[in-house]
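Numbering (our numbering), first residue to last: 916 to 1191.
So, in structure tokens, the structure goes:
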């Protein structure tokens, strides 16, 4: 279905899936974007840029799934309605052939306690709209199937998750600590906010945000972890710079081994920020 506008033609796609989990549980899993790296394996990091009432703006960094690969960075403006269990969004900026993109997600409770999730997307494109719609449908289908799997078997969003965090105040400035950490990560070219590299022989994606946050996600997690991500956050503090380091990991087996590694990595991450 499409309608004409004075600029570009608007095209629409629609999809749905049945999920055997409560509608409010599935709604929270999709809308609480801080945990998207747990929900969607291709998401490396998310950051809420602004928030006012039910409206927010979120930035996403992703390793594109599928054979095309590559990195994708985008922001979305969202309006959340936890009563109606509905999310409206508009993507900021163009990505590839998609010039504008927006849509809605609705979470419809079923009498048996499950729900039906329905998404409707609109987009404009300078490419073949059928090909663009096909790409949106493929990715949207993957997104819905993953949402179904994770919310019907939620242990990977709860009991399998390992979070370790610690902080220290170091002498110097945010800029100095940031420069030391950036120099310790695989080199980037230019000023891109996300780039591939190799850390200790393993492929990784690195993310720099705002001069105060650095993230590294290992694309091949150390066994037996199923996900492994490091993060540094920097803030000015009395006496220097407050460095907060954390590790986010998922381990359905060998939890103690992964927890021990994560704790050691956090200590090493804090030391790295202070090395001169």
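Glycine is no exception: its CB is placed at the ideal position from the N, C-alpha and C atoms.
Practice problem: Output the boundary residues of the alpha helix (DSSP H) element that contains residue 1179. | Solution: 1170–1189 is the extent of the alpha helix (DSSP H) around residue 1179.
Quiz item: For residue 1014, which residues of its own chain have a beta-carbon under 7 Å away from its beta-carbon, when the five flanking residues on both sides are left out?
Solution: The answer, listed in chain order, is 923, 1039, 1040, 1041.
Quiz item: What residue range is occupied by the uninterrupted beta strand (DSSP E) comprising residue 942?
Solution: Careful: residue 942 lies outside any beta strand (DSSP E), inside the alpha helix (DSSP H) at 938–946.
Exercise. Leaving out five residues on either side along the sequence, give the residues of the same chain with a beta carbon under 6 Å from the beta carbon of residue 920.
Key: Confidence is the limiting factor: at residue 920 the pLDDT is only 43, short of 50, which leaves the residue's position unreliable, though a coordinate-based value still follows. So no residue of the chain qualifies.
Exercise. Look at the alpha carbon of residue 1023 and the alpha carbon of residue 1000, and state the distance between them as a whole number of angstroms.
Key: So the two alpha carbons sit approximately 8 Å from each other.
Practice problem: Kindly indicate the opening and closing residues of the beta strand (DSSP E) around residue 1098. | Solution: Looking at the DSSP string, residue 1098 is not in any beta strand (DSSP E); the run it does join, the alpha helix (DSSP H), is 1089–1099.
Quiz prompt | Beta bridge counterpart(s) of residue 1110 as assigned by DSSP | solution = Looking at the DSSP output, residue 1110 shares a beta bridge with 1121.
Self-check item: Cβ-based neighbour list, residue 1018, same chain, cut-off 7 Å, excluding 5 preceding and 5 following
Solution: 1004, 1034, 1035, 1036, 1037, listed in sequence order.
Quiz item: According to DSSP, is residue 1103 helix, strand or coil?
Solution: Residue 1103 sits in coil when the DSSP states are folded into three classes, being neither helix nor strand.
Quiz item: Nearest to residue 1006 by alpha carbon, out of 987, 1087, 996?
Solution: Relative to the Cα of residue 1006, the nearest Cα in the group 987, 1087, 996 belongs to 987.
Self-check item: Cutoff 8 Å; reference residue 918; Cβ partners in own chain excluding five residues on either side
Solution: The pLDDT assigned to residue 918 is 39, lower than 50, so where the model puts this residue is not dependable, and the model offers no usable value.
Practice problem: Would you identify the three-state DSSP class for residue 1009, choosing helix, strand or coil? | Solution: Residue 1009 falls in the coil class under three-state DSSP.
Quiz item: If we count the other Cβ atoms within 10 Å of its Cβ and call it buried at 16 or more, is residue 1123 buried or exposed?
Solution: Buried, since its Cβ has 16 or more Cβ neighbours within 10 Å.
Practice problem: Identify the continuous alpha helix (DSSP H) that holds residue 1064 and give its terminal residues. | Solution: It spans 1044–1067 - the alpha helix (DSSP H) in which residue 1064 sits, taken as one unbroken run.
Quiz item: How would you write the range of the beta strand (DSSP E) that residue 1142 sits in, first residue to last?
Solution: That run of the beta strand (DSSP E) goes 1142–1152.
Quiz prompt | Neighbourhood of residue 958 by C-beta, 7 Å cutoff - its chain only, sequence neighbours within 5 removed | solution = Counting only Cβ-Cβ distances below 7 Å, and skipping sequence neighbours, we find 951, 952, 975, 977.
Quiz item: Since residue 1129 is in the beta strand (DSSP E), which residue starts that stretch and which ends it?
Solution: Element bounds for residue 1129: 1128–1133.
Practice problem: Figure out for me which residue from 931, 1067, 946, 1109 has the closest Cα to the Cα of residue 937. | Solution: Of the candidates 931, 1067, 946, 1109, the one whose C-alpha sits nearest the C-alpha of residue 937 is 1067.
Quiz item: Whose C-alpha, out of 1087, 1148, 1088, 1079, is nearest the C-alpha of residue 1182?
Solution: Closest in alpha carbon position to residue 1182, among 1087, 1148, 1088, 1079, is 1079.
Quiz item: Who are the Cβ neighbours of residue 1158 in its own chain at under 7 Å, not counting the five residues just before and after it?
Solution: Residues of the same chain with a CB within less than 7 Å of the CB of residue 1158, apart from the 5 flanking positions on each side, are 1082, 1083, 1085, 1092, 1147, 1149, 1185, 1188 in chain order.
Quiz prompt | Cβ pair residue 1144, residue 1130 closer than 8 Å | solution = The answer is yes: Cβ separation under 8 Å.
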